[in-house]
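All remarks here apply to the structure that follows.
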Amino acid sequence: MAVIQQNRAFRLRRRPAGVADAPELELVAERTSELADGQALVRTLVLSVDPSSRVFLSDIRSELPPVEVGAVVRGLGVGRVVASRRADLPVGAHVLGWTGWQDYQVADDAALVEPFTVLPDPLPASPEDLLGVFGLTGITAWLAVEIAAPEPGATVVVSAAAGAVGSVAGQLARERGARVVGVAGGPDKCRYVVDELGFDACVDRHDPRWRELLDAATPDGIDADVENAGGEILDHVLSRINTGARLAMCGMIADYSADPAQRHGLRNLVELVEQRATARGFLVTDHADRFAEITAELAARVADGRLRHSRDLVNGLENAPVALDRIFRGDSRGKVIVRVAPILT
15 MAVIQQNRAF RLRRRPAGVA DAPELELVAE RTSELADGQA LVRTLVLSVD
65 PSSRVFLSDI RSELPPVEVG AVVRGLGVGR VVASRRADLP VGAHVLGWTG
115 WQDYQVADDA ALVEPFTVLP DPLPASPEDL LGVFGLTGIT AWLAVEIAAP
165 EPGATVVVSA AAGAVGSVAG QLARERGARV VGVAGGPDKC RYVVDELGFD
215 ACVDRHDPRW RELLDAATPD GIDADVENAG GEILDHVLSR INTGARLAMC
265 GMIADYSADP AQRHGLRNLV ELVEQRATAR GFLVTDHADR FAEITAELAA
315 RVADGRLRHS RDLVNGLENA PVALDRIFRG DSRGKVIVRV APILT
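Going letter by letter, the sequence shown gives residues 15 to 359 in the working numbering.
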């Protein structure tokens, strides 16, 4: 079966030197190889862009090895099988997996980070939402709130509150009866999380008085924290935690640098000891056995209006680096998705 396609792919040419430095990526045009037995050709439809993309491009220690210089940028996506010489990936099937930042993936057991998941037919939701509110970001938010375990009346702080994880986590904490205070970048994002998502308050991290504003918004201290930002925001949250506080460590976007000298560091870490508090880091992929259960819970809440979400859609594979840059500049809201190819229904 000679099925060869022209493939655009982003390859890593130079790692970022620090948080403020952009990785050097090159968009190359190359032809896919002819399929052999045990291979399938997957057309990328939509691509998830996340802060973790930056981790993969650096040499920060993580659950997966760094992307090698010269290799295609790692990325999670939804695709469609357009040719196949393997029974588990039939032509026409929609799949979820590590498509990479490219138009086509020649999928075989050696090339894949892990096998593609064949999605139900018809799809239970849009491909974009399968990467967002019903995907790893929504599941991360659910797990984070479980770890933070806010009780009714407790004060919960959510950093990066307008982002893909924070926006969902804050609503789930509010559903538990907690008082939720967001931290977000800019007055428009703060209005969004309060007026549209139902947070009780939001602090603009760009305001030079943000520390005082966060203190005023948490007059009785902080009982739980869903942490997506790290850096100076986390450091100040630590200065206000109550006895027995629980911190769910989802991400540290402010400190995604392989150079320890460029990381913020924490002056108030002693508060974990003094307040007998708990900070727990976790990776969503460690909880794969719960994905179906959690997705069903999220879907029920979206269906009846209890849970709202937004998507920041960027068109064209060529704009994937722009989409990643939007996250680190703080210009995005909700889940960032790149539409690579038309969705056929």
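Idealized CB from N, CA, C, for every residue including glycine. From a predicted model like this one, the values you see are computed outputs, not experimental measurements.
Proximal residues to residue i (C-beta, below 6 Å), its chain only, five neighbours per side dropped
i       : result
Asp-237 : Ala-168, Thr-169, Asn-256 and Ala-259
Leu-61  : Gly-89, Gly-91, Val-352 and Val-354
Gln-19  : Thr-46 and Tyr-118
Gly-235 : Arg-254 and Asn-256
Arg-219 : Val-197 and Gly-199
Glu-40  : Arg-25 and Arg-27
Arg-68  : Tyr-270
Ala-316 : The residue you asked about is not Ala; residue 316 is Val in the sequence shown. Closer than 6 Å at the Cβ level, and outside the excluded window around Val-316, lies no residue.
Asp-326 : Ser-346, Arg-347, Gly-348 and Val-350
Glu-309 : Contrary to the premise, residue 309 reads as Thr rather than Glu in this sequence. Correct list, in chain order: Phe-148.
Cβ-based neighbour list, residue i, same chain, cut-off 7 Å, excluding 5 preceding and 5 following
i       : result
Gly-164 : As written in the sequence, residue 164 is Pro, which differs from the Gly given in the question. The residues are Val-170, Ala-187, Arg-190, Ala-192, Asp-237 and Ala-238.
Val-194 : Val-170, Val-172, Gly-184, Ala-187, Arg-188, Phe-213 and Asp-214
Ala-16  : Since pLDDT at Ala-16 reaches only 46, below the 50 mark, its modelled position is unreliable, and the value read off the structure follows with that caveat. Correct list, in chain order: Glu-48.
Leu-157 : Phe-296, Val-298 and His-301
Thr-154 : Val-179, Cys-264 and Val-298
Tyr-206 : Ala-176 and Arg-347
Trp-224 : Val-217 and Asp-218
Sheet register partners of residue i (DSSP bridge)
i       : result
Gln-119 : Val-56
Glu-48  : In the DSSP output, where bridge partners are listed per residue, Glu-48 has none listed.
Arg-22  : Ala-43
Thr-131 : Leu-110
Glu-193 : The sequence given here has Arg at residue 193, not Glu. Note: Arg-193 sits in a beta bridge opposite Thr-169.
Leu-388 : Residue 388 cannot be examined here, being either before or after the span of the chain that is shown, 15 to 359.
Arg-28  : Glu-38
Gly-198 : According to the sequence shown, residue 198 is Ala rather than Gly. Ala-198 pairs with Asp-218.
Ala-262 : Val-240 and Arg-294
Gly-177 : Gly-348
Val-86  : Arg-25
Nonlocal neighbours in the same chain, by C-beta distance under 8 Å from residue i, ignoring five residues either side
i       : result
Ala-36  : Pro-30, Pro-335 and Asp-339
Phe-70  : Ser-76, Leu-78, Pro-80, Val-81, Val-87 and Arg-88
Leu-227 : Val-217, Asp-218 and Asp-221
Leu-55  : Val-17, Gln-19, Thr-46, Leu-49, Val-95, Val-96, Ala-97, Ser-98, Tyr-118, Gln-119, Val-120 and Ala-121
Pro-166 : Arg-190, Gly-191 and Ala-192
Glu-311 : Trp-156
Asn-21  : Ala-43, Glu-44, Arg-45, Thr-46, Gln-116, Asp-117 and Tyr-118
CA nearest to the CA of residue i, picked from the options
i       : options                               : result
Ser-72  : Glu-44, Asp-269 and Thr-151           : Asp-269
Trp-112 : Ala-121, Glu-44 and Asp-345           : Ala-121
Val-217 : Leu-327, Val-172 and Val-182          : Val-172
Asp-135 : Ala-158, Pro-104 and Val-159          : Pro-104
Ala-107 : Leu-312, Asp-221, Val-132 and Pro-65  : Val-132
Glu-44  : Leu-145, Phe-24, Lys-349 and Thr-154  : Phe-24
Gly-279 : Arg-223, Glu-288, Met-266 and Leu-55  : Met-266
Ser-66  : Ala-243, Arg-320, Ala-230 and Arg-219 : Ala-243
Ala-291 : Leu-312, Ala-337, Met-263 and Asp-318 : Met-263
Gly-245 : Asp-303, Gly-180 and Ala-174          : Ala-174
Gln-289 : Leu-261, Ile-308 and Thr-309          : Leu-261
Phe-305 : Ala-162, Pro-166, Leu-145 and Ser-181 : Leu-145
Pro-356 : Arg-22, Val-159, Thr-58 and Gly-177   : Thr-58
Val-83  : Leu-211, Trp-115, Glu-38 and Val-42   : Glu-38
Arg-320 : Ala-162, Glu-210, Phe-130 and Pro-274 : Glu-210
Gln-53  : Asn-21, Asn-333, Asp-64 and Ala-101   : Ala-101
Ser-181 : Ala-231, Val-328 and Ser-324          : Ser-324
Trp-115 : Glu-332, Arg-343 and Ile-74           : Glu-332
Gly-330 : Ala-313, Asp-345 and Val-350          : Val-350
Val-42  : Glu-241, Ala-85, Val-328 and Ile-161  : Ala-85
Cys-204 : Ala-124, Arg-22, Gln-276 and Gly-344  : Gly-344
Gly-93  : Asp-303, Val-63 and Phe-130           : Phe-130
(message) Quick check for students: name the residue ranges of the alpha helix (DSSP H) that lie wholly in the segment 278-357, counting only runs of 4 or more.
(response) 284-288, 305-317 and 334-343
(message) Contact between the segment 37-55 and the segment 135-146 is defined here as three or more beta-carbon pairs at a separation below 8 Å; is this criterion met?
(response) no
(message) Between the segment 231-251 and the segment 277-285, can you find at least three pairs of beta-carbon atoms closer than 8 Å?
(response) yes
(request) List in chain order: all unbroken alpha helix (DSSP H) runs of 4+ residues lying wholly within the segment 208-259. (result) 224-231 and 245-252
(message) Suppose only complete runs of 3+ residues qualify. What are the beta strand (DSSP E) ranges in the segment 89-118, listed by chain order?
(response) 91-98 and 108-111
(message) Using a Cβ distance threshold of 8 Å, determine whether the segment 284-299 contacts the segment 146-157, with at least three qualifying pairs required.
(response) yes
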